[in-house]
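Trainee: Starting off with a structure, shown below.
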Amino acid sequence: MSRKAFSRLVLGVTAVCVLAPAALLLVWSVTGRWPWPRLTPETYSLRTLRELLLGSGGFLPLLGSSIALAGATAALATAVALLTARATAFYSFPGRGLARFCGILPLLVPGTVLAMGLHLAFLRLGLADTVVGVLLVHLVSALPYCIAILTDVTAAVGLALEEQAAVLGAPPLTAFRGATLPRLAPGILSSMSMAFTISYSQYFSTLLIGGGRVRTLALVLVPYIQSGDRPLAAAYAAVFTGSALLVFALFEWAIRRMERRGAL
Amino acid sequence: MGNWKRILTLLLVLAATLALAACGGAGEGDAGDALDPADASWEEILAAAEGTTVTFYGWGGDENRNNWLNTAVADYVKEEYDITLEVVGMNIEDILAKLSGEKEAGTQAGSIDMIWINGENFYSAKENGLLYGPFTQRLPNMEAYIDLEDPETRSDFCMPIDGYEAPYAKAQLVLYRDSAVTPEAPASAQELLDFCRQYPGRVTYPAPPDFTGSAFVRNIIYELCGWEQFQDMEADYDTVKAAIEPALTYLRDLNPSLWNEGRTFPDASTTVDAMFADGELLLSVSYAPFTVATGIDQGLYADTTETFVFDNGTIGNTNYMAIAFNAPNMAGAMVVINAILSAQMQLSQYETLRELPVVDSAKLSGEEQAAFDAVDLGQGVLTQAELLSRRLPEMPADLVPVIEEIWLNEVVGKYNG
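Respectively, the protein sequence lines represent chains S and R. For the first sequence, position 85 (counting from the first letter as 1) is numbered 85 according to our numbering, and the numbering increases by one without interruption. For the second sequence, position 200 (counting from the first letter as 1) is numbered 464 according to our numbering, and the numbering increases by one without interruption.
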């Protein structure tokens, strides 16, 4: 088998492993009864669609606010991570090692503990039960990944081209936008997607910091999984996955455009 | 759930130490209402509640209940009292964790008004000062519709309520099977054993501390050891173990015929329900007495599914509504709780959600009683009268974790002889 055929095979198997369960979600979301040992459902039902679209849950605003929250987290986390990455990659200052370590610290503390500690702090700061509080806790959860991704990319791209532009007289910001940013694009895409996914799927921290007042898709989805309403849980999960994929496609499109144009 | 709660408590302590433990917050805001609900008259409470928002926190995994609260109850309190009801789905462990956090931080005006609660959780919340009360004596509908002498109004899992929670709905353990697949309905522990032996590997029950699984084990204990002796039993491991020895022997007898030969048990009643719906199991247990009718309506269960209970009865309990210690809108919470206690809302709950109502039929008018009697409960269920005539009281809350521990040590994967 040629190398190309082999890599195609691996790709195909991986795609099936990922897509088949996802396709099953679609089937489950319109399933009525599916008793063992039938290969296909015995009855189908549109109950979940009715519930999603006409139920009292306010589904569309929920979807919109979840995407907005995760999108904001992605943009902020990537901006902060990019600055952090540049600082630790290109400048040497006392405590650089410590700064790097602090960047990954939220990964080392279990998520539940992190959320509970932040909850106490946020209660005192008046940030509990607010969207800003939830955004901040999502940001803390996403940053370690974004910093890790962008530090590698920033170091790989290096400063050489930017310095070249500066030598030719470009002001610092222009040099960065014109020379470095387009080459960072793939890293920025990964970082944004990563942060989006992390924020989108946060359950416990959103629940605790948002106090149930800040509602996201994950917050509504999880109780249905726990209560064993499989068709409804599948319907929510399908929407959850589908909407995340759409946003990724949007990110991808924007980043490719940025790469092509050579600047933002 | 018990373990999870313990872990949460531990984590909370840990988090408290890690977080800005040193900076003691003086608390934010004022106590909420200018009005002190403890001395206000009902008219003053109604006036204070008008135009406000009330948040109701409780388990959010029941789509029908969410819809009912968001429509029937929300519309009713909006129309009658101009109150906006905001329903927030949250597991009780998380609600209590949030309240403990707020207590720790000294938050005077929190975000939770009403809480859906009962049993062990009520006991620990009340002990830890997370609830406001006593308040139920102030609600006109307590007197008007509820039997104040009913043991389930006075105590919750044998723990005195002392006015800290008002009844919401009644639950009762029921069993169900598809009568087209298994015509026989085991009416006692002995018949259940025969049933399991007839269909080896097709029956199991949720592993305690799952709420339903734990109640099922207690029900087996009642079958073999009677229920009276437990009402005032001390929560001591050896005392309880000696008292329930016949039930432990029985459960070990059951093991070889159970699903996976009793080496493992499903983690939650929802898993057992799903396995039953899939036809993997022939019998399931539920704490929602009319669950079969709902399941048939939703197309999850076959039309021939039927509910049954043991001849000697099954455990029933009530779930309740409480008010958070730092509720920002205590007056509003009282008004909404009072509204849910009304015959109209209880009837609506009975009709829409098929939950056993908490109203005392002796206190209902002829018309109201007729409306309750006219409710069509759907297929495959027992009537309210049949259920209530076979209703056994819960055990004291502090025995529950002890029995769960004994079950884990003496039953799982253990066999007699």
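Cβ coordinates follow ideal geometry from the N, Cα and C atoms, glycine included.
Say whether chain S places a C-beta atom closer than 7 Å to the C-beta of residue 373(R).
Mentor: No, residue 373(R) lies away from the interface with chain S (no Cβ there is under 7 Å from its Cβ).
Trainee: Does chain S have any CB closer than 7 Å to the CB of residue 335(R)?
Mentor: Closer than 7 Å to some Cβ of chain S, the Cβ of residue 335(R) qualifies, so yes.
Trainee: Give the residues of chain R in contact with residue 43(S), contact being defined as C-beta atoms less than 9 Å apart.
Mentor: The contacting residues are 563.
Trainee: Does the CB of residue 50(S) have a neighbour CB from chain R at under 7 Å?
Mentor: Cβ-Cβ to chain R under 7 Å: no for residue 50(S).
Trainee: Hey, does residue 123(S) have any beta-carbon neighbour from chain R nearer than 7 Å?
Mentor: Taking Cβ atoms only, chain R reaches closer than 7 Å to residue 123(S), which makes this a yes.
Trainee: For the stretch 209-234 of chain S, which residues have a beta carbon sitting closer than 9 Å to at least one beta carbon of chain R?
Mentor: Hits within the stretch, in order: 211, 212, 213, 215, 219, 220, 222, 223, 224, 225, 226, 227, 228, 229, 230, 231, 232.
Trainee: If you compare alpha carbons, which of 254(S), 197(S), 236(S) is closest to residue 25(S)?
Mentor: The shortest C-alpha separation from residue 25(S) is found at 236(S).
Trainee: Work out the CA separation of residue 572(R) and residue 456(R) for me, nearest whole Å.
Mentor: Rounded to the nearest angstrom, the two C-alpha atoms are 12 Å apart.
Trainee: Starting from the C-beta of residue 611(R), find all residues in its chain whose C-beta is less than 8 Å away, skip the five residues before and the five after it, and write them out in chain order.
Mentor: For residue 611(R), where only same-chain residues beyond five positions count, the Cβ hits under 8 Å are 621, 632, 635, 636, 639.
Trainee: Compute every distance between the C-beta of residue 612(R) and the non-hydrogen atoms of the ligand PLP, then say whether any falls below 6 Å.
Mentor: The ligand PLP is absent from the structure shown, which contains no ligand whatsoever.
Trainee: Per DSSP, what are the beta-bridge partners of residue 348(R) in this structure?
Mentor: Beta-bridge pairing links residue 348(R) to 317(R).
Trainee: What's the call for residue 591(R), buried or exposed, on a 16-neighbour Cβ count within 10 Å?
Mentor: Buried, by the Cβ-count rule.
Trainee: For the stretch 59-75 of chain S, list every residue whose C-beta sits within 7 Å of some C-beta in chain R, in sequence order.
Mentor: Answer in chain order: no residues at all.
Trainee: Indicate whether at least one CB of chain S lies closer than 7 Å to the CB of residue 324(R).
Mentor: With 7 Å as the cut-off, residue 324(R) counts as an interface residue toward chain S.
Trainee: I'd like the list of long-range same chain contacts for residue 401(R), defined as Cβ closer than 6 Å, with 5 residues on each side in sequence excluded.
Mentor: Excluding positions up to five away in sequence, the list reads 427.
Trainee: Can you grab the Cα-Cα spacing for the pair residue 293(S) / residue 367(R), in whole Å?
Mentor: For chain S, the structure presents residues 1 to 264; residue 293(S) sits outside this window and is missing.
Trainee: For residue 436(R), does the count of other Cβ atoms within 10 angstroms reach 16, so buried, or fall short, so exposed?
Mentor: Label assigned to residue 436(R): buried.
Trainee: Just the C-alpha distance for residue 487(R) and residue 62(S), rounded to the nearest angstrom, thanks.
Mentor: Cα-Cα distance, rounded: 48 Å.
Trainee: Label residue 403(R) either buried or exposed according to how many other C-beta atoms from any shown protein chain fall within 10 Å of its C-beta, with 16 as the threshold for buried.
Mentor: By the neighbour-count rule (16 or more Cβ atoms within 10 Å), residue 403(R) is buried.
Trainee: Three Cβ pairs or more, each shorter than 8 Å: is that satisfied between the stretch 348-368 of chain R and the stretch 107-123 of chain S?
Mentor: At 8 Å Cβ cutoff, the stretches touch.
Trainee: Going straight from the alpha carbon of residue 505(R) to that of residue 98(S), what length do you get?
Mentor: Spanning the two alpha carbons is a distance of roughly 55 Å.
Trainee: Closer than 7 Å, CB to CB, is residue 36(S) near chain R or not?
Mentor: Closer than 7 Å to some Cβ of chain R, the Cβ of residue 36(S) qualifies, so yes.
Trainee: Given a threshold of 16 other Cβ atoms within 10 Å of its Cβ, counted over all protein chains shown, does residue 460(R) qualify as buried or as exposed?
Mentor: Residue 460(R) should be labelled buried.
Trainee: In the structure shown, what three-state DSSP assignment does residue 130(S) receive?
Mentor: Coil, per DSSP.
Trainee: Assuming residue 440(R) and residue 570(R) make a contact with CB atoms under 8 Å, what is their CB distance in whole Å?
Mentor: Going by Cβ atoms, the distance from residue 440(R) to residue 570(R) rounds to 6 Å, so yes, they are a contact pair.
Trainee: Counting only C-beta atoms, is residue 129(S) closer than 7 Å to chain R at any point?
Mentor: Closer than 7 Å to some Cβ of chain R, the Cβ of residue 129(S) qualifies, so yes.
Trainee: Within 10 angstroms of the Cβ of residue 297(R), are there 16 or more other Cβ atoms? Answer buried if so, exposed if not.
Mentor: With a pLDDT of 45 at residue 297(R), under the threshold of 50, the predicted position of this residue should be treated as unreliable, though the coordinate-derived value follows. Buried: at least 16 other Cβ atoms inside 10 Å.
Trainee: Is the Cβ of residue 331(R) closer than 7 Å to any Cβ of chain S?
Mentor: With 7 Å as the cut-off, residue 331(R) counts as an interface residue toward chain S.
Trainee: Using beta carbons (cut-off 7 Å, strictly below), is residue 56(S) in contact with chain R?
Mentor: Yes - at least one Cβ of chain R is within 7 Å of the one on residue 56(S).
Trainee: With distances taken from CA atoms, which of 344(R), 325(R), 361(R) is nearest residue 351(R)?
Mentor: Of the candidates 344(R), 325(R), 361(R), the one whose C-alpha sits nearest the C-alpha of residue 351(R) is 325(R).
Trainee: Can you tell me whether residue 435(R) is helix, strand or coil according to DSSP?
Mentor: Reduced to three states, the DSSP call for residue 435(R) is strand.
Trainee: Judging by CA-CA distance, which residue of 625(R), 522(R), 500(R) is the nearest neighbour of residue 668(R)?
Mentor: Considering only alpha carbons, the answer is 500(R).
Trainee: What does the Cβ neighbour count give for residue 546(R), buried or exposed, with the cut at 16 atoms within 10 Å?
Mentor: Its Cβ being crowded by 16 or more others within 10 Å, residue 546(R) is buried.
Trainee: Assuming residue 512(R) and residue 675(R) make a contact with CB atoms under 8 Å, what is their CB distance in whole Å?
Mentor: Rounded, the Cβ-Cβ distance is 6 Å, consistent with contact.
Trainee: Could you check how far apart the C-beta atoms of residue 139(S) and residue 90(S) are, in whole angstroms? I think they sit under 8 Å.
Mentor: 23 Å between Cβ atoms; not a contact.
Trainee: Can you confirm whether residue 32(S), when its beta carbon is compared against all beta carbons of chain R, has any partner nearer than 7 Å?
Mentor: Yes, residue 32(S) lies at the interface with chain R (some Cβ there is under 7 Å from its Cβ).
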